[in-house]
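Numbering (UniProt numbering), first residue to last: 1 to 581. Just so it is clear, CB atoms sit at the ideal spot from N, CA and C, and this is done for glycine as well.
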């Protein structure tokens with residue numbers, strides 16, 4: 001028997017023995033959870049008890065005999081049973097996609113997201129742990145060396161298949177290699193039972209709220225849903241949290257019970273363990289969309305109409321002369337970062353873009369793009385990379401564009417300094433529910449931007465997540481306001497677009513419209529301060545700028561009807577339009 005296999009079996013045995021002899025703690029901080037002794041009886045490595053030791057009995061110490069006793073437990077017939085979800089007359093399948101089912105349950109308000117959940121037998125768990133221990137010794141690949149999760153899984157799968165083929169001592173039938181390889185990969189590379197959720201691009205967020213409770217997901221189509229996935233114990237949740245922490249080079253324990261990090265695939269993770277979370281550990285994963293939304297997607301989703309999209313596109317692009325400085329405001333989950341990503345993707349190719357984020361989320365089809373990411377202080381309090389420091393550093397990097405993912409602290413003053421010292425096209429997001437509230441936050445601690453600097457900001461775009469009784473959760477741009485600086489000690493904004501909830505439509509603000517000869521309302525573009533600047537710098541009349549907005553709106557409307565998709569494809573088409581103007 002190879003040394004690596006002997007060592008793996010010995011480790012499996014020691015883990016089992018340790019779980020048997022471990023005493024329950026004097027005080028249990030989880031009043032409603034099973035104690036450690038109860039957990040040990042039902043999870044980790046479980047095998048057939050060894051016979052009472054005698055001088056001639058070596059089952060407890062001989063790896064080969066230990067393995068034999070484990071294999072004898074396995075029910076071969078159970079191996080061959082197909083693992084599939086049991087039918088339930090109380091569930092109605094309303095949508096099915098491969099192995100995923102969306103079901104409606106009787107007497108439940110939320111839909112349920114159901115996937116096949118592997119449930120290995122006790123003997124299978126033992127073999128899986130032995131293979132995992134062996135693979136840990138023989139395979140070492142950093143998640144940052146192979147960032148693509150699927151590619152990393154494929155590499156591990158191939159290596160583990162080689163281990164199985166070269167380990168006849170395991171007495172595993174070749175027909176079972178795939179099952180064991182997939183099971184080990186799921187635990188070593190992925191995140192166990194959460195893997196099916198992480199691989200579904202229709203899921204926006206994954207929420208683990210504790211043991212013996214369903215994992216929740218937020219679905220792009222069906223909103224908040226429960227799943228048929230549960231964790232048995234808080235220890236199982238903490239195992240996943242610890243694996244995530246290891247993958248990102250962090251540590252989570254009693255002294256540092258919070259984790260805010262980014263997975264190698266870009267997904268954002270927040271985790272808490274006791275004592276930070278009182279009842280049990282929690283885990284929230286905001287999925288990183290592999291194919292980012294485009295400006296056409298936001299039009300199709302009715303987040304904005306084509307005219308509003310064309311208006312903002314022109315402001316961001318600035319007729320290649322003076323891009324506007326824009327802040328996108330909104331609450332948590334309102335889609336601020338998505339909208340920021342959409343319009344940043346339309347930045348001209350010739351520009352050098354620097355993005356600064358505390359957790360990198362932007363995904364741009366740009367060549368000349370440098371990503372800067374903040375870092376919290378380490379365990380000993382050192383090593384912090386604050387966004388303010390990164391924003392100041394970006395000013396020394398000859399940027400054409402500075403994009404701050406989320407403005408919260410001292411970096412706001414640095415960003416406004418950039419706006420007021422000749423850096424055009426600065427963009428970012430901020431937590432606020434209206435244009436007025438945005439300016440109040442900017443002027444107040446901890447941002448404390450001087451009032452005199454507000455003039456550097458051109459527009460505030462407000463986006464909100466709303467609930468419609470017919471449409472469910474919707475995301476809408478509810479306000480676009482121009483910033484007019486400070487008057488008599490108070491910040492002044494001029495609303496340009498406002499959302500009409502009755503018609504579910506973004507309309508021109510009543511104070512900024514005028515009637516045309518055909519009795520249609522149009523925006524008073526001649527009163528928009530930014531357009532006056534643009535007219536002076538480009539020599540184009542206000543009427544010409546209005547015509548350009550209409551031209552772009554017609555172009556976007558045409559593309560939406562052609563079902564154009566893909567952020568790069570949309571970017572190429574928009575660039576083609578501008579090059580022909």
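Cut-off 8 angstroms between Cβ atoms - residues of its own chain near residue i, not counting five sequence neighbours on either side
{"i": "residue 575", "result": "348, 349"}
{"i": "residue 128", "result": "120, 180, 183, 184, 187"}
{"i": "residue 454", "result": "416, 439, 442, 443, 483, 485, 486, 491"}
{"i": "residue 242", "result": "252"}
{"i": "residue 46", "result": "Residue confidence is low: residue 46 scores 33 on pLDDT, short of 50, so the model does not pin down where it sits. Its coordinate-derived value is still stated next. Here the set comprises 16, 122, 125, 126."}
Three-state class that DSSP yields for residue i in the structure shown
{"i": "residue 491", "result": "strand"}
{"i": "residue 455", "result": "helix"}
{"i": "residue 562", "result": "coil"}
{"i": "residue 417", "result": "helix"}
{"i": "residue 589", "result": "With the chain covering only 1 through 581, there is no way to say anything about residue 589."}
{"i": "residue 429", "result": "strand"}
{"i": "residue 268", "result": "strand"}
{"i": "residue 326", "result": "strand"}
{"i": "residue 569", "result": "helix"}
{"i": "residue 605", "result": "Coverage of the chain is limited to positions 1 through 581, which leaves residue 605 absent and any answer about it impossible."}
{"i": "residue 316", "result": "helix"}
{"i": "residue 301", "result": "coil"}
{"i": "residue 442", "result": "helix"}
{"i": "residue 554", "result": "helix"}
{"i": "residue 295", "result": "helix"}
{"i": "residue 273", "result": "coil"}
{"i": "residue 280", "result": "coil"}
{"i": "residue 3", "result": "helix"}
{"i": "residue 209", "result": "coil"}
{"i": "residue 184", "result": "helix"}
{"i": "residue 528", "result": "coil"}
{"i": "residue 289", "result": "coil"}
{"i": "residue 255", "result": "coil"}
{"i": "residue 250", "result": "coil"}
{"i": "residue 9", "result": "helix"}
{"i": "residue 203", "result": "strand"}
Where residue i falls, given that 16 or more other Cβ within 10 Å makes a residue buried
{"i": "residue 52", "result": "With a pLDDT of 40 at residue 52, under the threshold of 50, the modelled position of that residue is not reliable, and the figure given next carries that caveat. When all chains shown are included, residue 52 counts as exposed."}
{"i": "residue 586", "result": "No information on residue 586 is available, as it lies outside the stretch 1 to 581 that the chain covers here."}
{"i": "residue 397", "result": "exposed"}
{"i": "residue 269", "result": "buried"}
{"i": "residue 487", "result": "exposed"}
{"i": "residue 305", "result": "buried"}
{"i": "residue 421", "result": "exposed"}
{"i": "residue 222", "result": "buried"}
{"i": "residue 475", "result": "buried"}
{"i": "residue 336", "result": "buried"}
{"i": "residue 9", "result": "buried"}
{"i": "residue 332", "result": "exposed"}
{"i": "residue 232", "result": "exposed"}
{"i": "residue 581", "result": "exposed"}
{"i": "residue 464", "result": "buried"}
{"i": "residue 602", "result": "No answer is possible for residue 602: it lies beyond the span of the chain, which begins at 1 and ends at 581."}
{"i": "residue 258", "result": "exposed"}
{"i": "residue 590", "result": "Not covered by the structure: residue 590. The range shown for the chain is 1 to 581."}
{"i": "residue 583", "result": "Nothing about residue 583 can be read from this structure; the chain reaches only from 1 to 581."}
{"i": "residue 383", "result": "exposed"}
{"i": "residue 370", "result": "exposed"}
Beta-carbon proximity list for residue i, same chain, < 7 angstroms, skipping 5 on both sides
{"i": "residue 322", "result": "424, 533, 534, 537"}
{"i": "residue 110", "result": "224, 225, 226"}
{"i": "residue 412", "result": "442, 447, 449"}
{"i": "residue 158", "result": "none"}
Neighbourhood of residue i by C-beta distance below 6 angstroms, restricted to the same chain and skipping five residues each side
{"i": "residue 441", "result": "432"}
{"i": "residue 439", "result": "491"}
{"i": "residue 91", "result": "103, 105"}
{"i": "residue 410", "result": "388"}
Counterpart residues of residue i in DSSP-defined beta bridges
{"i": "residue 475", "result": "465"}
{"i": "residue 214", "result": "230"}
{"i": "residue 336", "result": "None, per the DSSP bridge assignment."}
{"i": "residue 507", "result": "498"}
{"i": "residue 542", "result": "According to DSSP, which records beta bridges pairwise, residue 542 is partnered with nothing at all."}
{"i": "residue 549", "result": "BP columns for residue 549 are empty, so no partner."}
{"i": "residue 223", "result": "219"}
{"i": "residue 92", "result": "104"}
{"i": "residue 260", "result": "270"}
{"i": "residue 401", "result": "353"}
Check: residue i C-beta below 8 angstroms from any heavy atom of the ligand NAD
{"i": "residue 163", "result": "No copy of the ligand NAD occurs in the structure displayed, which carries no ligand at all."}
Beta strand (DSSP E) segments (min. 3 residues) lying fully within the segment 98 to 169: 100 to 105, 112 to 114
Complete alpha helix (DSSP H) runs within the segment 348 to 398 (minimum length 4 residues, chain order): Correct list: 387 to 394.
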